[in-house]
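Peer 1:
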Amino acid sequence: MKYKKNQISTILIIIMMLFSAGCLGNDSDEKDVQDEQNDIIGIGCMDSSAINFDSNATTPDPDSCEFLEDDSIDLLSIPHKDGCDNTNPIHCMLPFPSDAFLVEDDSTPTGKRISYSPNTIPKSGTVGQIHIPIINQLDGASPNTQIMTAFDSEPDVSEMAGQYNIEKSLEVGHPSMIINQETGEIVPHWTELDIRSDISEPTIIHLRTIEALDHNTSYVVLFSNLKDSDGNLIDAPVGFAALRDNVITNSPDIEERRSNFNLLFSWITENTDRSINSLQTAWVFNTASTESIIGPLLSMRNDALDRIGENGINCTVETNEEVMDESGNLSHWMITGTYTAPQYTESFYPPTLIRRTSDTDRTPVFVENREIPFWLLIPQTAISEPADLTIWGHGFLGTGDTSGLYGWANENNAAMLGTSFYGWASDDTLSIEYAVLNMENFQHQAERLEQSMINQVVMIKSFMGICSDLPELYHNGTSLVDVSSPVYTGYSNGA
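Next comes the structure, spelled out in structure tokens:
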């Protein structure tokens, strides 16, 4: 019996040892396995304010984040304004354009969307805060955008690339760089200080590209080793300096964007000759997609072409005058009238906006057909040979009236056809004045211009079709105008 008790005791001790050893071994093994799994699937601390922030993590693990005690960290006080890019306190929207005003949006081609707050766009004169909601439907910056920023002291740009030596912007060590982040290509540009600057405020420095940027593309802009006229290095804006120098701030905007800037700094280190310490500012912006830029306009054009068919809808002649020269000989015919064009603006008269599908869908909606005025000058030279149909583009605040072009028309045997380019036509003078006083009204001008582009297309199609049969375009049974291959010429704003 005693032997059996000893046997049982021994077995229990062995079992306890096995369990004990197993538990100790499993804790270590499970942790190693878990860490390995975390590495594989990218789990880590994604809070940029944590001291163990993991820029490579793709799945957040908030419990793993480690923070300094509140009383052990000295936060740098940064001027902060909601709805602004707080890396540069000089102006809410500087640097411009910037991804600071982009948000994620899976419904757009770029996967992003502009998000300006009601207080983002600057005031204009005596007008209050400006807000243009339709801008927030774009999925990036214009590829023709003005690139600009400012510093507390004025940079000396005399030795930088100017408009007559743009090639300097491609030289090693040039203080400004614009880089296509996808290809690594340096974008040729020149630098320019804003000549309209107010002596009481910092001067804007512009970077002018020589051609439009690529659509749906990320660009990096940076300045380094900029100096003032006394040869002193320009100080970086305080918000950017805090990001560059890894100084923790009290600005939620800056701390939220710190991880993105860390990625930017890594990219600059790997793809340029610039050290991070030399940077006086740097930022990223994304250009809009082709669909976002001209998609609504193309939709409007395609709808209009479907509505007018191959030949157009209608043309009406209101006046037809034979005009004589000083010698009493025929100089030209001057014909005025209207053509029928599909319309997408709420009204023919300014100010007016395009009717859209919804507040979040910029697709234009057909409103009605309207009669749009035209002017057609046919030179007397067309009696011998049909004159080429030539579309006339008028100057700023002008009209489509081609009556003054008889000399040029006879010299070149050109039938001059014009229509007012509403938006920048004489009819828009008053609404443009209103827009100068309140920038929100510029949207009306832009959308009138879009409608005018449709009018131009419809006019050309109509004169190649139904309007070409007007009896006023014939002399002794022969057509005076060759409509087979229209050409375009313009003056000033219409050139």
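Here the sequence shown is numbered in my numbering, starting from 511 and rising by one per residue.
Where is the CB? At the ideal position from N, CA and C, for every residue including glycine.
Quick one, which of Ser799, Ile942 and Asn821 has its alpha-carbon nearest Asp649's?
Peer 2: Put simply, of Ser799, Ile942 and Asn821 the residue whose alpha carbon is nearest the alpha carbon of Asp649 is Ser799.
Peer 1: Per DSSP, what kind of secondary structure is His641 in: helix, strand or coil?
Peer 2: Looking at His641 - three-state DSSP - the assignment turns out to be coil, as it is neither helix nor strand.
Peer 1: Going by beta-carbon coordinates alone, are Phe973 and Gly819 separated by less than 9 angstroms?
Peer 2: No, they are not a contact pair.
Peer 1: Report buried or exposed for Val667, applying the criterion of at least 16 other Cβ atoms within 10 angstroms of its Cβ.
Peer 2: buried
Peer 1: Using 9 angstroms as the threshold, is the C-beta distance between Asn986 and Thr929 below it?
Peer 2: Not a contact, by the Cβ cut-off of 9 angstroms.
Peer 1: Considering only residues of the same chain and omitting the five flanking positions on each side of Arg872, which have a CB-CB separation below 6 angstroms?
Peer 2: Gln647, Pro806 and Arg866
Peer 1: Have a look at Cys555, Cys594, Asn742 and Ser936 and flag the residue whose alpha-carbon is nearest the alpha-carbon of Thr569.
Peer 2: Cys555
Peer 1: In the structure shown, what three-state DSSP assignment does Ser978 receive?
Peer 2: helix
Peer 1: For Cys533, count the other beta carbons within 10 Å of its own beta carbon; 16 or more makes it buried, fewer makes it exposed. Which is it?
Peer 2: Residue placement at Cys533 cannot be trusted, given a pLDDT of 40 that sits under 50; what the coordinates show is reported in the next sentence. Looking at its Cβ environment, which holds fewer than 16 other Cβ atoms inside 10 Å, Cys533 is exposed.
Peer 1: From Phe884 to Val968, what distance separates their C-alpha atoms?
Peer 2: Taking the CA atoms as reference points, Phe884 sits about 12 angstroms from Val968.
Peer 1: Which word fits Gly917, buried or exposed, when buried means at least 16 other C-beta atoms lie within 10 angstroms of its C-beta?
Peer 2: exposed
Peer 1: Are the segment 897–908 and the segment 925–945 touching, with three or more C-beta to C-beta distances below 8 angstroms?
Peer 2: yes
Peer 1: Which whole-angstrom value is the C-beta distance of His716 and Thr701, which I expect to be below 8 angstroms?
Peer 2: With a Cβ gap of about 7 angstroms, His716 and Thr701 count as contacting.
Peer 1: What residue from Phe952, Ile714, Leu983 and Phe750 has the CA that sits closest to Ile640's CA?
Peer 2: Phe952
Peer 1: Taking the alpha-carbon positions, what's the Glu801 to Pro619 distance?
Peer 2: 7 angstroms
Peer 1: Just mark Asn754 as buried or exposed, buried being the case when its beta carbon has 16 or more other beta carbons within 10 Å.
Peer 2: Before going further, note that residue 754 is Arg rather than Asn in the sequence given. When all chains shown are included, Arg754 counts as buried.
Peer 1: Residues in the same chain with beta-carbon distance under 8 angstroms from Ala531, minus the five sequence neighbours each way, listed in chain order, please.
Peer 2: Unreliable positioning characterises Ala531 in this predicted model, as indicated by a pLDDT of 41, which lies under 50. A coordinate reading is not provided.
Peer 1: Kindly list the residues whose CB is nearer than 7 angstroms to the CB of Ile942, restricted to its own chain and excluding five residues on each side of it in sequence; keep chain order.
Peer 2: Counting only Cβ-Cβ distances below 7 angstroms, and skipping sequence neighbours, we find Gln955.
Peer 1: In chain order, what residues of the same chain lie with their CB nearer than 6 angstroms to the CB of Leu886, ignoring the 5 residues before and after it?
Peer 2: Ile845 and Leu927
Peer 1: Distance, Cα to Cα, Ile696 vs Glu780?
Peer 2: 15 angstroms
Peer 1: Where are the alpha helix (DSSP H) runs, 4 residues long or more, that stay fully inside the segment 886–973, in chain order?
Peer 2: 916–922 and 939–947
Peer 1: Rounded to a whole number of angstroms, what is the C-alpha to C-alpha distance between His842 and Ala924?
Peer 2: 11 angstroms
Peer 1: Determine the DSSP secondary structure at Met844, reduced to helix, strand or coil.
Peer 2: strand
Peer 1: Applying the criterion that 16 or more other CB atoms from any shown protein chain within 10 Å of the CB defines a buried residue, is Gln656 buried or exposed?
Peer 2: exposed
Peer 1: May I ask you to report which of helix, strand or coil DSSP gives Ile882?
Peer 2: strand
Peer 1: Tell me whether Ser538 is buried or exposed, calling it buried when 16 or more other Cβ atoms sit within 10 Å of its Cβ.
Peer 2: Bear in mind that the predicted position of Ser538 carries a pLDDT of just 49, short of 50, making it unreliable; the figure below should be weighed with that in mind. By the 10 Å Cβ count, Ser538 comes out exposed.
Peer 1: What first and last residue would you give for the alpha helix (DSSP H) that runs through Pro762?
Peer 2: Pro762 to Asn781
Peer 1: Whose C-beta lies closer than 8 angstroms to the C-beta of Asp564 among residues of the same chain, with five residues either side of it excluded?
Peer 2: Gly554, Cys555 and Met556
Peer 1: Suppose you measure from the CA of Cys977 to the CA of Ala935; what does that come to, to the nearest Å?
Peer 2: 24 angstroms
Peer 1: Can you give me the Cβ contacts of Leu840 inside the same chain, cut-off strictly under 8 angstroms, excluding the 5 residues immediately before and after it?
Peer 2: The answer, listed in chain order, is Glu832, Val833, Met834 and Gln890.
Peer 1: Should Asn772 be counted as a contact of the ligand SAM given a C-beta to heavy atom distance under 8 angstroms?
Peer 2: In terms of ligand content, the structure shown is empty, and the ligand SAM therefore cannot be addressed.
Peer 1: Tell whether a beta-carbon distance below 9 angstroms holds between Pro685 and Pro653.
Peer 2: Not a contact, by the Cβ cut-off of 9 angstroms.
Peer 1: Runs of 3 residues minimum, wholly inside the segment 663–724: which ones carry the beta strand (DSSP E) assignment?
Peer 2: 686–690, 699–703 and 714–719
Peer 1: Kindly list the residues whose CB is nearer than 7 angstroms to the CB of Lys633, restricted to its own chain and excluding five residues on each side of it in sequence; keep chain order.
Peer 2: Scanning its chain for C-beta atoms nearer than 7 angstroms, with the 5 sequence neighbours on each side dropped, one finds around Lys633 the residues Gln639 and Ile640, in chain order.
Peer 1: Given Asp745, which residues of its chain have a CB within under 8 angstroms of its CB, disregarding the five upstream and five downstream residues?
Peer 2: Phe661, Asp662, Ser663, Ala751 and Gln790
Peer 1: Compare the C-alpha of Arg765 against each of Asn812, Asn566, Leu586 and Met603 and name the closest.
Peer 2: Here residue 765 turns out to be Glu, not Arg, going by the sequence shown. Answer by Cα proximity: Leu586.
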